[in-house]
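> Just so we're aligned, residue 1 is where the sequence shown starts under UniProt numbering, counting upward by one.
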Amino acid sequence: MSAQQKQARLAALQQEVAELQSILGENANANDIVSEHITLLHRYNEAKDATQILIGKLAMHRGTTIREIHDDYGLTTDD
Numbered sequence: 001m002s003a004q005q006k007q008a009r010l011a012a013l014q015q016e017v018a019e020l021q022s023i024l025g026e027n028a029n030a031n032d033i034v035s036e037h038i039t040l041l042h043r044y045n046e047a048k049d050a051t052q053i054l055i056g057k058l059a060m061h062r063g064t065t066i067r068e069i070h071d072d073y074g075l076t077t078d079d
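1. The alpha helix (DSSP H) that contains ALA3, what's its start and end?
2. Mapping DSSP to helix, strand and coil, what is ASN31?
3. Please classify ASP72: does DSSP put it in a helix, a strand, or coil?
4. Is the region 6 to 26 close to the region 34 to 49, with three or more CB pairs under 8 angstroms?
5. With a threshold of 16 other CB atoms inside 10 Å of the CB of ILE69, please say whether the residue is buried or exposed.
6. Taking the straight line between their C-alpha atoms, what separation do you get for ALA47 and GLY56?
7. Straight-line CA distance for THR76 to GLN4?
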């Protein structure tokens with residue numbers, strides 16, 4: 001990689017850092033961001049688990065499978 005290419009790459013990375021800082025805020029703390037992300041993931045997983053329990057109960061009540069309930073509501077295996 002030539003010196004000119006290195007300079008161009010450095011400038012591009014500095015621009016990317018500036019854009020991310022403008023999105024996150026100048027004084028954003030990476031640890032706080034990660035901690036908040038983990039908290040949100042925990043909440044999401046708890047809600048997803050509760051939903052799956054309810055879908056299982058609905059399937060039992062209807063005498064069908066969880067897969068059929070997913071199909072009825074247009075849910076994918078990723079949902």
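We treat Cβ as the ideally placed atom computed from N, Cα and C, and that holds for glycine.
According to the structure data:
1. On the sequence shown, position 3 is the one that residue 3 refers to. First-last of the alpha helix (DSSP H) with ALA3: 3 to 24.
2. Your numbering for residue 31 matches position 31 in the sequence shown. Annotated three-state conformation of ASN31 is helix, per DSSP.
3. Locating residue 72 in the sequence shown gives position 72, where the first residue counts as 1. If DSSP states are grouped into helix, strand and coil, ASP72 belongs with the helices.
4. The region 6 to 26, when compared against the region 34 to 49, does not touch it at the 8 angstroms Cβ threshold.
5. In the sequence shown, residue 69 corresponds to position 69, counting from 1. The residue in question, ILE69, is buried, as its Cβ has 16 or more Cβ neighbours within 10 Å.
6. Counting from one through the sequence shown, the residue named residue 47 turns up at place 47. Counting from one through the sequence shown, the residue named residue 56 turns up at place 56. One C-alpha to the other measures close to 14 angstroms.
7. In the sequence shown, the residue the question calls residue 76 occupies position 76. In the sequence shown, the residue the question calls residue 4 occupies position 4. Near 49 angstroms, if we compare the C-alpha coordinates of GLN4 and THR76.
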